[in-house]
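One structure is given here, and the rest of the page talks about it.
Numbering (the working numbering), first residue to last: 66 to 197.
Following this line, the structure appears as structure tokens:
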């Protein structure tokens, strides 16, 4: 799972950089970072889906919950990134009201993703023997 973790960390970093660049009205670089974030989140989703496909009846329920929670978190982050990309395009075309709507939705998706991240972190904290 280290590769998955690295992709998520990179995706989070790219997303945050995209937001900062957007705030600076650097639309091209913001879009590049948002695309990179999307690629990183997508890579993690693909890898986790493969892991989930190999679950058996013997797979630990906490581990299953962790993977399912992480998948939900990543889907929300993908939605946030998609809305951020839309916002960038609208801002670039001077359609600030619509851009603001997409940016606001992106923030909502990311806030929802953070709730899943907190649940996931709680699973790790409550089960240290499973997550070494």
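We treat Cβ as the ideally placed atom computed from N, Cα and C, and that holds for glycine. These figures come from a predicted structure and were not determined experimentally.
Cutoff 6 Å; reference residue i; Cβ partners in own chain excluding five residues on either side
i           : result
residue 109 : 69, 72, 73, 139
residue 94  : 86
residue 82  : 98
residue 137 : 181
residue 168 : 152
Contacts around residue i, its chain only, beta-carbon distance under 8 Å, and the 5 residues preceding and following it disregarded
i           : result
residue 107 : 143
residue 141 : 174, 175, 177, 178, 181
Opening and closing residue of the alpha helix (DSSP H) in which residue i lies
i           : result
residue 160 : No alpha helix (DSSP H) holds residue 160; DSSP gives it neither H nor E.
residue 98  : 92 to 118
residue 67  : 67 to 88
Residue of the options minimising C-alpha distance to residue i
i           : options           : result
residue 180 : 155, 134, 112     : 134
residue 149 : 77, 90, 99        : 99
residue 151 : 136, 84, 75, 78   : 84
residue 103 : 112, 76, 122, 118 : 76
residue 192 : 120, 111, 128     : 128
residue 154 : 66, 80, 96, 78    : 96
Beta-carbon proximity list for residue i, same chain, < 7 Å, skipping 5 on both sides
i           : result
residue 116 : 132
residue 171 : 145, 148, 149, 152
residue 101 : 79
Rounded Cβ spacing between residue i and residue j (contact assumed at less than 8 Å)
i           : j           : result
residue 92  : residue 185 : Rounded, the Cβ-Cβ distance is 33 Å, inconsistent with contact.
residue 130 : residue 195 : No, residue 130 and residue 195 are not in contact; Cβ-Cβ is about 11 Å, not under 8 Å.
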